[in-house]
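Asker: Read in order, the letters of the sequence shown correspond to residues 75 to 192 in the working numbering.
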Amino acid sequence: MMMALKYKDILMATEFQKSVWQAIGLIPKGKVTTYSEIAKYLNTKATQAVGTAVGKNPYAPKVPCHRVVKSSGEIGEYSAPGGVNSKIDLLKKEGVKVVNNRVKNFKNKLYTYENNTK
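(1) Can you give the beta carbon distance from Ala97 to Ile112, rounded, assuming they're within the 8 Å contact cut?
(2) Does the Cβ of Asn179 have 16 or more other Cβ atoms within 10 Å, making it buried, or fewer, making it exposed?
(3) So, is Ser66 buried or exposed, given that buried needs 16 or more other C-beta atoms within 10 angstroms?
(4) Among residues of its own chain, excluding the 5 on either side of Ala134, which ones have a beta-carbon nearer than 6 Å to its beta-carbon?
(5) In terms of residue numbering, what span does the alpha helix (DSSP H) encompassing Ala154 cover?
(6) Between Val177 and Val128, is the Cβ-Cβ spacing less than 7 Å?
(7) Which class does Asn126 belong to by DSSP, given the choice of helix, strand or coil?
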């Protein structure tokens with residue numbers, strides 16, 4: 075899902091942030107991905123910068139940053155209203171089971187961008 079950015083957000087966002095937000099928009103409902111998978115897709119090793127951009131996503135939950143988790147399958151942070159509990163609720167509504175703050179069947183739920191090209 076590619077979406078148009080609002081003019082104000084375009085002025086304030088870096089190109090890197092916009093590319094991260096667009097990558098997030100590709101994650102299908104019912105799947106999750108990781109900060110490192112997004113970095114790999116964007117051909118960068120700047121995984122922490124990806125995390126920062128995810129946290130600054132002004133379009134949550136429309137651009138579904140709640141679908142981005144740690145490489146271990148742990149839920150991680152969520153800066154949108156409601157915090158981590160909201161992230162877990164959104165994932166559960168999409169069919170992603172979370173047990174002890176981890177995605178259940180993480181490897182089966184992992185989206186890797188393998189069939190997408192930038």
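Quick reminder that beta carbons are idealized off the backbone N, C-alpha and C, glycines included.
Answerer: The relevant details are as follows:
(1) 5 Å
(2) exposed
(3) What the structure shows of the chain is the stretch from 75 to 192, and residue 66 is not part of that stretch, so it cannot be assessed.
(4) Ala154
(5) No alpha helix (DSSP H) contains Ala154, which DSSP labels as neither H nor E.
(6) no
(7) One point to set straight first is that residue 126 is Thr, not Asn, in the sequence displayed. DSSP places Thr126 in helix when its eight states are reduced to three.
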